[in-house]
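Going by my numbering, the first sequence runs without a break in its numbering and finishes at 1198.
All C-beta atoms in this analysis are idealised placements derived from N, C-alpha and C, irrespective of residue type, glycine included.
Some notes on the structure that comes next.
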Amino acid sequence: MEQITSLKKRLARLVSDMFGGGVGENEIFPLFESPAEPKNGELCLPCFRLAKALRTPPGEIALTVARSLSELADEKKIKEISEVKAVSGYVNLYFSDELFRSLIDELGDISRLSKLGEGKTVCLDFSSPNIAKKFHLGHIGTTVIGNALRNIFNLCGYKTVAINHLGDWGTNFGMLICAFKMWSSREKVLSDGVIELEKIYARYNKESRNDKSLEDSARAAFSSLEKGNEEYLELWRLFKEVSLNEYMKVYEILGISFDSFTGESFYTDYMPAVVEELREKGLLKTDDGASVVYLSDYNMPPALILRSDGSTLYPTRDIAAAKWRKQEYDFDKCVYVTSAGQSLHFAQWFKVVELMGYDWAGDLVHVPYGTMSFGGEKLASRTGNIIYLDDLISQAVEKAEKIIDEKNPDLKNKRETAVAVGVGAVVFGGLSAARIKDADFSWDTALSFEGDTGPYLQYTYARAASVIRKCGGDEVSIICSYSPNDGEKRLIMQLSVFEDKIRSSLKDYEPSVITRYLLDTCGVFNQFYHSSPIIRAPEDAKGFRITLTKKFLQIAGSCLDLIGMAKTQEI
RNA sequence: GCGCCAUUAGCUCAGCUGGAUAGAGUACCUGGCUACGAACCAGUAGGUCGAGGGUUCGAAUCCCCCAUGGCGUACCA
628 MEQITSLKKR
638 LARLVSDMFG
648 GGVGENEIFP
658 LFESPAEPKN
668 GELCLPCFRL
678 AKALRTPPGE
688 IALTVARSLS
698 ELADEKKIKE
708 ISEVKAVSGY
718 VNLYFSDELF
728 RSLIDELGDI
738 SRLSKLGEGK
748 TVCLDFSSPN
758 IAKKFHLGHI
768 GTTVIGNALR
778 NIFNLCGYKT
788 VAINHLGDWG
798 TNFGMLICAF
808 KMWSSREKVL
818 SDGVIELEKI
828 YARYNKESRN
838 DKSLEDSARA
848 AFSSLEKGNE
858 EYLELWRLFK
868 EVSLNEYMKV
878 YEILGISFDS
888 FTGESFYTDY
898 MPAVVEELRE
908 KGLLKTDDGA
918 SVVYLSDYNM
928 PPALILRSDG
938 STLYPTRDIA
948 AAKWRKQEYD
958 FDKCVYVTSA
968 GQSLHFAQWF
978 KVVELMGYDW
988 AGDLVHVPYG
998 TMSFGGEKLA
1008 SRTGNIIYLD
1018 DLISQAVEKA
1028 EKIIDEKNPD
1038 LKNKRETAVA
1048 VGVGAVVFGG
1058 LSAARIKDAD
1068 FSWDTALSFE
1078 GDTGPYLQYT
1088 YARAASVIRK
1098 CGGDEVSIIC
1108 SYSPNDGEKR
1118 LIMQLSVFED
1128 KIRSSLKDYE
1138 PSVITRYLLD
1148 TCGVFNQFYH
1158 SSPIIRAPED
1168 AKGFRITLTK
1178 KFLQIAGSCL
1188 DLIGMAKTQE
1198 I
């Protein structure tokens, strides 16, 4: 907020002058805070640090400052301030009605935000499921966090490249090919999709425990696939196509799109050059038959580049992919959204890239998130402890439908709205807490529609939209003598920190900052809504409140967009 | 063993570079729909901020140590 910033600057200069420049204005400026309690004003200056510099008790300083500023305010020399109080070492400042009225214009202005990333490109690697598996709970963290980050970067003016680094290569495919040849058919796979693939894969896994020869044939099959066996390649393409069809449905319902689907298979051709480069740069050592880069100087175990049988590994592929992306997109940052369990892996290969001499190693960012469990147990398809995303979404949608039938049976597009709310509840679930927190999934929480939930946000949005709809073409003008009440003041202040919240979520790669902010903002709006009539308000208040409600819709709408939830006009 | 992360109300979580009486939601109890939408709002109650030291005028926040839990720790991704 430009006006608040410039006010702070002026105040800092004034305070500095009061003490003969004993403390510089640049030191005073960052001391300004927003009081936690609205009753303490809109802006405050804690005087404890000043007390140290000036060797005067904080209470005394606060009193001196308050008295001088109060005089200036009375003389209309600081017309933004209506009242100044000294309270236990703080100077509390109350904004004037005039300032509140003019702050409204500035609300929701993102012009400064959208300059942050001008001319910069960010690659975001997220979602990245392994082919031939159904989309489940374990995938939604990376998917919704990555998508939200991408939206945040976009809002801030960055060019983004959303990359779905599909897990579409590896010995698994050898198993799948063998299993397919024994128990399945093209028709079956085409009709049952990923379910069929999961089924035969699980069966192969199970049977290979008793019959070790199955493992050998799987390895042989994959090796043959790598060498270009046309029959196997054809099957691999089928598996990939069927899986991708399933994933595209999921992404469509979540409203998420990608700029690239270059998965692991894509980089196989680029890996030999990486291995060669590591060798040339003297980084590659042989240990127990495997090729590694030692990282003991950095307090990490070695990065494995080649297995003792000469085949490549995860870090090899990631390094190759990073090099390719740098060349292709010339990114300023490349962000990887994966589980926190992979932190060491990323630290290792980031270091290897640095040792290779690439200055852009510092632009690689790992964004970890916590582990999702269910019933206190690890999610695993092997043990059957798994929740598929389509089940979760359809349950949420079903519940939303039920509630709509109950509370708003005349709603026109019921199904569409129920999907928006059901999906919103699921997305919200993935973005409400700080991403690093572990979470134990519970149906009760996931399907809860009251309190701090996705439906609460959408309900509040729809309610505000409904008010504006009912005002129709009512003329909106802010009467220049209107005196905002406490609820209106609070809403203005709440809406005014939008820009700060976006900056903070961008800096920390933390979408939950926006989710939290939106929850708080909806709470403040609801208080305003309950305490101040809008449509039936007196003329002077009406224009003010309609404008404020529109600003709320704009900012809440931006937040919903950012976290990837639908903006429900009616619900 | 070593490393990383977490620990705040019964439960799920906020708490900005240290600042005012540590805040929400949920669950329990209570009040508010002939009303711009009750998927809401208001109120009561609920805390030795995991334990102990230290730095500071001031610590949930910074430092040290310990405890508990999760994850990782050379041929999976």
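Is the CB-CB distance between TRP731 and PHE753 below 9 Å? Checking the sequence shown, residue 731 turns out to be Ile, not Trp. For ILE731 and PHE753, no; Cβs fall outside 9 Å.
Name the two residues that bound the continuous alpha helix (DSSP H) containing THR1087. 1081 to 1098
Using a Cβ-Cβ cutoff of less than 7 Å, which residues in the same chain neighbour PRO684 once the five nearest sequence positions on both sides are dropped? ALA678
Is VAL1048 closer than 9 Å to TYR1068 when the C-beta atoms are compared? The displayed chain sequence assigns Phe, not Tyr, to residue 1068. Result no, Cβ atoms of PHE1068 and VAL1048 do not sit closer than 9 Å.
Alpha carbon to alpha carbon, how far is SER1108 from SER1123? Give it in angstroms, no decimals. 21 Å
List the whole-angstrom C-beta distance separating PRO1082 from ALA1060, where the pair is believed to meet the contact cut-off of C-beta under 8 Å. The Cβ separation is near 17 Å, so there is no contact.
Boundaries (first-last residue) of the alpha helix (DSSP H) holding ALA988: Where ALA988 is concerned, there is no enclosing alpha helix (DSSP H), given that its DSSP letter is neither H nor E.
Option nearest ARG1096 by Cα separation, candidates LYS839, ILE1141, GLN1196, VAL992: GLN1196
Test item: CB-CB of GLU669 and TYR721 under 9 Å: yes
Among VAL1140, LEU1038, LYS1064, THR1044, which one has its Cα closest to the Cα of SER1000? LYS1064
Find out if the Cβ-Cβ distance for the pair GLU698, LEU726 is shorter than 9 Å. No, Cβ-Cβ distance for GLU698 and LEU726 is not below 9 Å.
Put ILE1119 into one of helix, strand or coil per three-state DSSP. helix
Quick one: give me the first and last residue of the beta strand (DSSP E) that SER1000 is part of. SER1000 -> beta strand (DSSP E) spans 999 to 1001.
Which of helix, strand or coil does DSSP assign to TYR1136? coil
Check for me: the alpha helix (DSSP H) holding ASN778 runs from which residue to which? 764 to 782
Using the C-alpha atoms, what's the distance from THR1072 back to PHE885? Distance between PHE885 and THR1072, taken at the CA atoms: about 29 Å.
Which same chain residues, not among the five before or five after GLY744, have their C-beta less than 6 Å away from its C-beta? Here the set comprises CYS783, GLY784, TYR785.
Please work out which residues of its chain come closer than 8 Å, Cβ to Cβ, to GLU853, disregarding the five sequence neighbours upstream and downstream, and give them in chain order. THR895
With H, G and I counted as helix, E and B as strand and the rest as coil, what does DSSP make of ILE1190? helix
Which residue's Cα is closest to the Cα of ASP1017: GLY649, THR691, ILE767, SER695? ILE767
Assuming contact is defined by CB atoms lying nearer than 9 Å, are MET927 and GLN975 in contact in what I supplied? Yes. Within cutoff.
Contact under 9 Å by Cβ, HIS993 with THR965: yes
Contact the region 788 to 801 vs the region 813 to 823: 3+ CB pairs below 8 Å: no
When you compare only the Cα positions, how much space is there between LEU905 and MET983? 7 Å
Hey, LEU793 and ILE758: beta-carbon distance below 9 Å or not? yes
Roughly how far, in whole angstroms, is the beta-carbon of GLU652 from the beta-carbon of ALA639, given that I think they are within contact range, below 8 Å? Between ALA639 and GLU652 the Cβ distance is about 4 Å, and since that is below 8 Å, they are a contact.
Could you tell me the boundaries of the beta strand (DSSP E) in which ALA1007 lies? Where ALA1007 is concerned, there is no enclosing beta strand (DSSP E), given that its DSSP letter is neither H nor E.
Count the C-beta pairs between the region 918 to 938 and the region 948 to 956 that are closer than 8 Å, then say yes if the count reaches three, no if not. Segments in contact, no.
Return helix, strand or coil for CYS1107, following the three-state DSSP convention. CYS1107 falls in the coil class under three-state DSSP.
Provide the residue(s) that pair with LEU722 in DSSP beta bridges, ordered along the chain. Checking the sequence shown, residue 722 turns out to be Phe, not Leu. PHE722 pairs with ILE708.
Take SER811 and list the residues in its own chain whose beta-carbon comes closer than 7 Å to its own, dropping the five residues that flank it on each side. GLU823, ILE827.
What do you reckon, are the CB atoms on SER1132 and ILE1119 nearer than 9 Å? no
Going by alpha carbons, who is nearest to ASP915 out of LEU922, LYS908, LEU933? LEU933
Short Cβ contact (9 Å threshold) for SER1158 with GLY1114: The answer is yes: Cβ separation under 9 Å.
What's the call for PRO756, buried or exposed, on a 16-neighbour Cβ count within 10 Å? buried
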